[in-house]
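The next block holds one structure in the form of structure tokens; read it before the comments.
There are 2 protein chains.
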Amino acid sequence: MGVRFLKGHGTENDFVLLPDLAEAALTPELVRALCDRRAGIGADGVLRVGRDGADWFMDYRNADGSLAEMCGNGARVFARYLVDSGRAEAGELTLGTRAGPRRVRVPARGDVTVDMGPPRLLDARPVVGGVPGAAVSMGNPHVVVPVATAAELAALELTRPPDVVPPLPTGQNVEFVVRLGPRHLQLRVHERGVGETRSCGTGVCAAVVATSDADETAGTDETAGTDDTEWTVDVPGGRLRVAWNGAADPAAVVWLTGPAVLVAAGEWLVGDDRSVLG
Amino acid sequence: MGVRFLKGHGTENDFVLLPDLAEAALTPELVRALCDRRAGIGADGVLRVGRDGADWFMDYRNADGSLAEMCGNGARVFARYLVDSGRAEAGELTLGTRAGPRRVRVPARGDVTVDMGPPRLLDARPVVGGVPGAAVSMGNPHVVVPVATAAELAALELTRPPDVVPPLPTGQNVEFVVRLGPRHLQLRVHERGVGETRSCGTGVCAAVVATSDADETAGTDETAGTDDTEWTVDVPGGRLRVAWNGAADPAAVVWLTGPAVLVAAGEWLVGDDRSVLG
């Protein structure tokens, strides 16, 4: 018998989802085999459906087989599966993750919203290519660097890690960010240990937090004092929305909204049973 | 209802196989969507199972949606599916392809052998990086370039097309080839319009034909006059074997043998039906 799987993506950050595999069966070797883009199915990571008491638990693994704490794009795909499969009702769910419980809002159809937790502005003032960046933790470390124009953003060479001076102690993801309009950003991201990616949920949130903070400091927030807390962020893999209205409330969390698409359902073939091919 | 598919690979040249989709339904848009490695399933190409009179027809499409004539790695995966699914008996089959009918030998298990057609040594004498190459047609054009050592092969920079002087009129795939021993080669390949790939069936055959020809010219074929016609060729994605014993018989064909692995079977989700997720 094979291993049942789904493949899905959120803004082209893609996952193999395993709805009924026992935790002990998900070895690092199996994760690497599933995520291999030539010899396997291919994905950025694996999402195993587990249980956390009464809640669902998102057991997320990186493509290299290592454990990962939280992934905003993955959480949306995971929650979309739960609702589309009938395992959960549409509405608000709580997902267990290694970063703690996270709320997810899943309508019957369409975009999914996930609680990305509280951001933390760091004291570090790293410089990237002569430009001062902002350091933000979304659980993982980010350096957000403003870029003047979309053309300049498109021309960036991101095949190697950007030169961050000084680097954060744990290394960093780096987001290069252009303002397209009020609360509308476009970015490209270089992920620590991975390279440039099509999308990074925490990076998108970090970019909004850093830009919002810069606006507050400069007094240039065009929507300050309104109820409009939603930002739009364009990434290479699509469009995301971020709800954040500044750090006045230290307990405030960032909400990330975006597409979650299931594209295929199937069985990973194990052993010699070929009955599913007939 | 979704579209049934399999995913498989031959030496990490990977394919989405469609066992029961009508030809008219396989639009270039669908091919591109299926082959998209982030937003789709991901593959180098699509193999649709069709009919060619009494034979099976391998309707092969490149990932960009264009038609392709023949693919040695794809033909093995295609034939393995036919036998494993019970659609064909193990043994020798004839597959229709856009390059004409091709014989395929499929044991009940294990490696599959495919008739790659007759090679044609071309008159061109292109030079690559100061090294004279051999031009060979396997239906598609190849330039085969000898490299002295495996270390030198590993160090080659193949992120850009190699500089071939003069280029063949149709462009070319370029194989860089090290001799590891008698009838044992290792190569890396840059495919025309694609970049470096993990494996190229026609490129492996072209490398053997060019090396065999050079041996005959130089009188250095250590196995000349024996019945040993089999070469071993290591590519980044695995190991292939090629049966070829020189161009004495102008009707002789090259036989390519290697792995053909089906890794997953499933359904491409179309529309709103989510019944397969339950």
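If you read the sequences in order, they're chains A and B.
In terms of the numbering used here, the first sequence is residues 84 to 361.
In terms of the numbering used here, the second sequence is residues 84 to 361.
Each residue gets a CB set at the ideal place from its N, CA and C atoms; glycine is no exception.
In this text, all values refer to a predicted model and were calculated from it rather than measured experimentally.
Does the distance from the C-beta atom of residue i to that of residue j stay below 8 angstroms?
{"i": "leucine 345 of chain A", "j": "arginine 163 of chain A", "result": "yes"}
{"i": "leucine 270 of chain A", "j": "valine 287 of chain A", "result": "yes"}
{"i": "valine 257 of chain B", "j": "proline 245 of chain B", "result": "yes"}
{"i": "valine 210 of chain A", "j": "glycine 155 of chain A", "result": "no"}
{"i": "tryptophan 139 of chain B", "j": "leucine 100 of chain B", "result": "no"}
{"i": "tryptophan 351 of chain A", "j": "phenylalanine 88 of chain A", "result": "yes"}
{"i": "valine 129 of chain B", "j": "proline 102 of chain B", "result": "no"}
{"i": "phenylalanine 98 of chain A", "j": "aspartate 135 of chain A", "result": "no"}
{"i": "tryptophan 327 of chain A", "j": "serine 282 of chain A", "result": "no"}
{"i": "methionine 153 of chain A", "j": "arginine 181 of chain A", "result": "yes"}
{"i": "serine 168 of chain A", "j": "leucine 165 of chain B", "result": "no"}
{"i": "leucine 204 of chain A", "j": "valine 228 of chain A", "result": "no"}
{"i": "glutamate 44 of chain A", "j": "glycine 264 of chain A", "result": "Coverage of chain A is limited to positions 84 through 361, which leaves residue 44 of chain A absent and any answer about it impossible."}
Does the CB of residue i have a neighbour CB from chain B at under 8 angstroms?
{"i": "valine 287 of chain A", "result": "no"}
{"i": "leucine 89 of chain A", "result": "yes"}
{"i": "aspartate 147 of chain A", "result": "no"}
{"i": "aspartate 97 of chain A", "result": "yes"}
{"i": "glycine 133 of chain A", "result": "no"}
{"i": "glycine 329 of chain A", "result": "no"}
Is it buried or exposed, residue i, if we count other Cβ atoms within 10 angstroms and call 16 or more buried?
{"i": "glutamate 95 of chain A", "result": "buried"}
{"i": "histidine 92 of chain B", "result": "buried"}
{"i": "valine 261 of chain A", "result": "buried"}
{"i": "glycine 372 of chain B", "result": "Any answer about residue 372 of chain B is impossible in this case: the structure gives chain B only from 84 up to 361."}
{"i": "threonine 216 of chain A", "result": "The sequence shown places glycine at residue 216 of chain A, rather than the threonine named in the question. Buried, since its Cβ has 16 or more Cβ neighbours within 10 Å."}
{"i": "glutamate 373 of chain A", "result": "Lying outside 84 to 361, the shown extent of chain A, residue 373 of chain A is not represented and no answer is given."}
{"i": "proline 333 of chain B", "result": "exposed"}
{"i": "threonine 242 of chain A", "result": "exposed"}
{"i": "alanine 238 of chain A", "result": "exposed"}
{"i": "alanine 108 of chain A", "result": "exposed"}
{"i": "arginine 192 of chain B", "result": "exposed"}
{"i": "alanine 289 of chain A", "result": "buried"}
{"i": "threonine 280 of chain A", "result": "buried"}
{"i": "aspartate 356 of chain B", "result": "exposed"}
{"i": "aspartate 304 of chain B", "result": "buried"}
{"i": "glycine 157 of chain B", "result": "buried"}
{"i": "alanine 273 of chain B", "result": "The displayed chain sequence assigns histidine, not alanine, to residue 273 of chain B. Answer is buried; the Cβ neighbour count reaches 16."}
{"i": "valine 187 of chain B", "result": "buried"}
{"i": "proline 342 of chain A", "result": "buried"}
Tell me, please, whether the CB atom of residue i is closer than 8 angstroms to any CB atom in chain A?
{"i": "alanine 182 of chain B", "result": "no"}
{"i": "valine 150 of chain B", "result": "The question names valine, yet the displayed sequence has leucine at residue 150 of chain B. No, its Cβ sits nowhere closer than 8 angstroms to a Cβ of chain A."}
{"i": "tyrosine 164 of chain B", "result": "yes"}
{"i": "alanine 122 of chain B", "result": "yes"}
{"i": "glycine 125 of chain B", "result": "yes"}
{"i": "glycine 93 of chain B", "result": "no"}
Can you find a heavy atom of the ligand PLP that lies under 7 angstroms from the Cβ of residue i?
{"i": "aspartate 304 of chain A", "result": "Among the components of this structure there are no ligands whatsoever, and the ligand PLP is therefore not found."}
Using a Cβ cut-off of 7 angstroms, pull out every chain E residue sitting near residue i, in sequence order please.
{"i": "aspartate 167 of chain A", "result": "Note that chain E does not occur in the displayed structure, where the protein chains are A and B."}
Against chain A: residues of the stretch 344-361 of chain B by CB proximity under 9 angstroms: Val344, Leu345, Val346, Ala347, Ala348, Gly349, Glu350, Trp351, Leu352, Asp355, Arg357, Val359, Leu360 and Gly361
Cβ contact (3+ pairs, closer than 8 angstroms) linking the stretch 314-332 of chain B and the stretch 217-229 of chain B: no
The stretch 168-175 of chain B contacting the stretch 143-154 of chain B, beta-carbon criterion three pairs below 8 angstroms: no
Members of the stretch 265-293 of chain B that neighbour chain A once the beta carbon cut-off is set at 7 angstroms: Arg281
Residues within the stretch 309-325 of chain A neighbouring chain B, beta-carbon criterion of under 8 angstroms: Gly320
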